[in-house]
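A.B. asks:
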Amino acid sequence: MGRRTQSGTFKHGDLLVNKDGLRIVSHSEEGEPPLIKPSDNQLSLADLDAVKVIGKGSEGIVQLVRHKWTGQFFALKVIQLNIQESVRKQIAQELKISLSTQCPYVVVCYQSYYDNGVISIVLEYMDGGSLADFLKKVKTIPEPYLAAICKQASAVPQKVLKGLMYLHHEKRIIHRDLKPSNILINHRGEVKISDFGVSAIIASSSGQRDTFIGTYNYMSPERISGQKHGYISDIWSLGLVMLECATGQFPYPPRESFYELLEAVVDQPPPFAPPDQFSEQFCSFISDCVQKNATDRKSAQVLLAHPFLSMYDDINVDLASYFTTAGSPLATF
Numbered sequence: 036m037g038r039r040t041q042s043g044t045f046k047h048g049d050l051l052v053n054k055d056g057l058r059i060v061s062h063s064e065e066g067e068p069p070l071i072k073p074s075d076n077q078l079s080l081a082d083l084d085a086v087k088v089i090g091k092g093s094e095g096i097v098q099l100v101r102h103k104w105t106g107q108f109f110a111l112k113v114i115q116l117n118i119q120e121s122v123r124k125q126i127a128q129e130l131k132i133s134l135s136t137q138c139p140y141v142v143v144c145y146q147s148y149y150d151n152g153v154i155s156i157v158l159e160y161m162d163g164g165s166l167a168d169f170l171k172k173v174k175t176i177p178e179p180y181l182a183a184i185c186k187q188a189s190a191v192p193q194k195v196l197k198g199l200m201y202l203h204h205e206k207r208i209i210h211r212d213l214k215p216s217n218i219l220i221n222h223r224g225e226v227k228i229s230d231f232g233v234s235a236i237i238a239s240s241s242g243q244r245d246t247f248i249g250t251y252n253y254m255s256p257e258r259i260s261g262q263k264h265g266y267i268s269d270i271w272s273l274g275l276v277m278l279e280c281a282t283g284q285f286p287y288p289p290r291e292s293f294y295e296l297l298e299a300v301v302d303q304p305p306p307f308a309p310p311d312q313f314s315e316q317f318c319s320f321i322s323d324c325v326q327k328n329a330t331d332r333k334s335a336q337v338l339l340a341h342p343f344l345s346m347y348d349d350i351n352v353d354l355a356s357y358f359t360t361a362g363s364p365l366a367t368f
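Per our numbering, the very first residue in the sequence shown carries number 36; after that it's consecutive.
1) Of all the CB atoms in chain B, is at least one closer than 9 angstroms to the CB of P286?
2) Is the region 154-169 touching the region 102-109 in the sense that three or more CB pairs, one from each, lie closer than 8 angstroms?
3) Can you tell me which of the three DSSP states K171 falls into?
4) Among I176, A167, T359, which has the Cα closest to the Cα of L213?
5) Just mark S147 as buried or exposed, buried being the case when its beta carbon has 16 or more other beta carbons within 10 Å.
6) Can you tell which of V141, P179, Y149, D331 has its C-alpha closest to the C-alpha of E225?
7) Going along the chain, which residues of its own chain have a beta-carbon closer than 8 angstroms to the beta-carbon of Q316, five neighbours each way excluded?
8) Got a sec? Which residues, its chain only, sit under 6 angstroms from V301 by beta carbon, not counting five neighbours each side?
9) In the structure shown, what three-state DSSP assignment does Y357 receive?
10) Out of C318, R223, P289, which has the shortest C-alpha to C-alpha gap to A182?
11) Using the Cα positions of V113 and G90, report the straight-line distance between them to the nearest angstrom.
12) For F358, collect the residues of the same chain with a Cβ closer than 8 angstroms to its Cβ; drop the 5 residues on either side in sequence, then sort them by chain order.
13) State the Cα-Cα distance for the pair D331 and E279, rounded to the nearest angstrom.
14) So for D331, helix, strand or coil by DSSP?
15) Just to confirm, does K112 get its C-beta within under 8 angstroms of one of the non-hydrogen atoms of the ligand NAP?
16) Quick one: which unbroken alpha helix (DSSP H) runs of 4-plus residues sit fully inside the region 254-340? Chain order, please.
17) Going by alpha carbons, who is nearest to I267 out of V325, D353, V97, Y145?
18) Drop a sphere of 10 angstroms on the beta-carbon of F320, count the other beta-carbons inside from all chains shown, and report buried for 16 or more, exposed for fewer.
19) Helix, strand or coil for V153? Go by DSSP, reduced to three states.
20) Quick one: what's got a C-beta closer than 7 angstroms to P286's C-beta in the same chain, skipping five residues either side?
21) Would you tell me roughly how many angstroms separate the C-alpha atoms of K172 and A281, rounded to the nearest one?
22) Return the chain-ordered list of same chain residues with a C-beta closer than 7 angstroms to the C-beta of L78, the five sequence neighbours on each side being excluded.
23) Please state the DSSP three-state secondary structure of I350.
24) Measure the CB-CB distance between E178 and S292 and report whether it falls below 9 angstroms.
25) What residue range does the beta strand (DSSP E) around I89 cover?
26) Around the Cβ of Q98, are there at least 16 other Cβ atoms within 10 angstroms (buried) or fewer (exposed)?
27) If we count the other Cβ atoms within 10 Å of its Cβ and call it buried at 16 or more, is Y149 buried or exposed?
28) For Y148, which of helix, strand or coil comes out of DSSP?
29) By the three-class DSSP mapping on this structure, what secondary structure does L80 have?
30) What distance in whole Å lies between the Cβ atoms of I96 and V88, which are believed to be in contact at a cut-off of 8 angstroms?
31) Would you list the one or two residues that DSSP bridges to R101?
32) Using DSSP with H/G/I as helix, E/B as strand and the rest coil, what is E178?
33) Can you tell which of I176, L338, Y253 has its C-alpha closest to the C-alpha of A299?
34) Confirm, please, whether the CB-CB distance from L83 to C185 is below 9 angstroms.
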């Protein structure tokens, strides 16, 4: 259970956060060692000026902030801790994963602080917002750009599949909430995975979880029906995201209730890319992602070699230009 100490430290298991920073303490350490100080750029909350609110949620807000001395922009997630314990656990999980995850395909967490009942998380600012925001502007995303979003193109390391491969194979993490609003973009053409509040770190050799949290719409059949699930459940979510980006609409028709969605995902055939509208390679890629039987789904590592991702290699796919010109300007302050 998360708790606050008299010394002004937020503690949750081996996670310690105070006004100076964040630290994970191993069970072998005695007492309360000093927390990790802000990184080389010496980030301090006092040096961050608020520009505007760029996101709101049930547990807090996200502000665009500017560093007083460098002019660099950050996203500051501010969370009040007068919230239910389940949300505190999600916050602690996000902090742990953010501390251990240093990867160009995942949104950077620069530092975290706790002071006066508030957790503040300093994150990389992605000025293009999310894929969900971008889809509202462009309605659909053509295949060449979807291939680039999934892998490496235009000499810029891209992103989603490599991010999933890093999380799954190197960090043993299931994201569990992959959706358009958790995939962020910027003017450099970078695409990064964000929001690890409901992610699961897999400690067992089986690589399976049986807890039930996340966004229902993008859940795999095994997850939405409450069964054990592993890394491959993220691949189902990726398939739905890519299909939604390609067609401009969520792959399942609107449902009145969770139980109707459950029935559609578990009992009906999986969604597919219409073969008269998309290439054979894209249709195959989507099919490999949304196999109802988890054992039939391809891993992120295998999907990186899928023909769909290489069929546009001879085309100059410039995501930076696409993100900045296809929709309205990315950042306005």
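Ideal Cβ placement from N, Cα and C applies to all residues, glycine included.
This structure is a prediction, so every number in the text was calculated from the model and none was measured.
C.D. replies: With the given structure in hand:
1) No chain B is present in this structure, which holds just one protein chain.
2) yes
3) Working through the sequence shown from its first residue, we reach residue 171 at position 136. In this structure, K171 counts as helix in the three-state DSSP scheme.
4) Here the question's residue 213 lines up with position 178 in the sequence shown. It is A167.
5) As a first step, residue 147 must be located in the sequence shown, where it is residue number 112. Classification for S147: buried.
6) Reading the sequence shown from its first residue, position 190 is the one you call residue 225. It is V141.
7) Here residue 316 is taken as the residue at index 281 of the sequence shown, counted from 1. Around Q316: H341, P342, F343, M346.
8) Here residue 301 is taken as the residue at index 266 of the sequence shown, counted from 1. Around V301: P256, S260.
9) In the sequence shown, counting from the first residue as 1, residue 357 sits at position 322. The answer is helix: DSSP assigns Y357 an H, G or I state.
10) Position 147 of the sequence shown, counted from the start, is the residue given in the question as residue 182. If we check each option's Cα against that of A182, C318 comes out closest.
11) Along the sequence shown, read from residue 1 onward, the residue named residue 113 stands at position 78. Along the sequence shown, read from residue 1 onward, the residue named residue 90 stands at position 55. Roughly 10 angstroms separates the two Cα atoms.
12) Locating residue 358 in the sequence shown gives position 323, counting from the first residue. Taken in chain order, the residues that qualify are G163, F169, I220, N221, H222, G224, L365.
13) Locating residue 331 in the sequence shown gives position 296, where the first residue counts as 1. Locating residue 279 in the sequence shown gives position 244, where the first residue counts as 1. Taking the straight line joining both Cα atoms gives about 21 angstroms.
14) Working through the sequence shown from its first residue, we reach residue 331 at position 296. In the three-state reduction of the DSSP assignment, D331 falls in the helix class.
15) For the structure depicted, the ligand NAP is absent and the ligand set is empty, with no information on it obtainable.
16) 256-259, 267-282, 293-302, 315-324, 335-338
17) Counted from its first residue, the sequence shown places residue 267 at position 232. Comparing Cα positions, the closest option is V325.
18) Here residue 320 corresponds to residue number 285 of the sequence shown, with the count starting at 1. Looking at its Cβ environment, which holds 16 or more other Cβ atoms inside 10 Å, F320 is buried.
19) Along the sequence shown, one-based indexing puts residue 153 at 118. Of the three classes helix, strand and coil, the one that applies to V153 here is strand, per DSSP.
20) Stepping through the sequence shown from its first residue, residue 286 is reached at position 251. The answer, listed in chain order, is L275, L278, E279, P306.
21) Within the sequence shown, residue 172 is the residue found at index 137, counting from 1. Within the sequence shown, residue 281 is the residue found at index 246, counting from 1. Looking at the two C-alpha atoms, the distance is approximately 14 angstroms.
22) In the sequence shown, counting from the first residue as 1, residue 78 sits at position 43. So the list reads Y145, Q146, V157, once near-sequence residues are dropped.
23) On the sequence shown, position 315 is the one that residue 350 refers to. Reduced to three states, the DSSP call for I350 is coil.
24) Working through the sequence shown from its first residue, we reach residue 178 at position 143. Working through the sequence shown from its first residue, we reach residue 292 at position 257. Not in contact: E178 and S292 (Cβ atoms no closer than 9 angstroms).
25) Your numbering for residue 89 matches position 54 in the sequence shown. Element bounds for I89: 83-91.
26) Within the sequence shown, numbered from 1, the residue matching residue 98 stands at position 63. Classification for Q98: buried.
27) Start at 1 with the first residue of the sequence shown, and residue 149 comes out as number 114. By the C-beta density criterion, Y149 is buried, having at least 16 other C-beta atoms within 10 angstroms.
28) Position 113 of the sequence shown holds residue 148. Strand.
29) As a first step, residue 80 is located in the sequence shown; it is residue number 45 there, counting from the start. Helix.
30) By one-based count along the sequence shown, residue 88 stands at place 53. By one-based count along the sequence shown, residue 96 stands at place 61. Indeed they touch by this definition, with Cβ atoms about 5 angstroms apart.
31) Indexing the sequence shown from 1 puts residue 101 at position 66. Answer is D84, F108, bridged to R101.
32) Numbered from 1 along the sequence shown, position 143 holds the residue referred to as residue 178. Reduced to three states, the DSSP call for E178 is helix.
33) Residue 299 sits at position 264 when you count from the first residue of the sequence shown. Checked all of I176, L338, Y253; the closest Cα to A299 is Y253.
34) Taking the first residue of the sequence shown as 1, we reach residue 185 at position 150. Taking the first residue of the sequence shown as 1, we reach residue 83 at position 48. Not in contact: C185 and L83 (Cβ atoms no closer than 9 angstroms).
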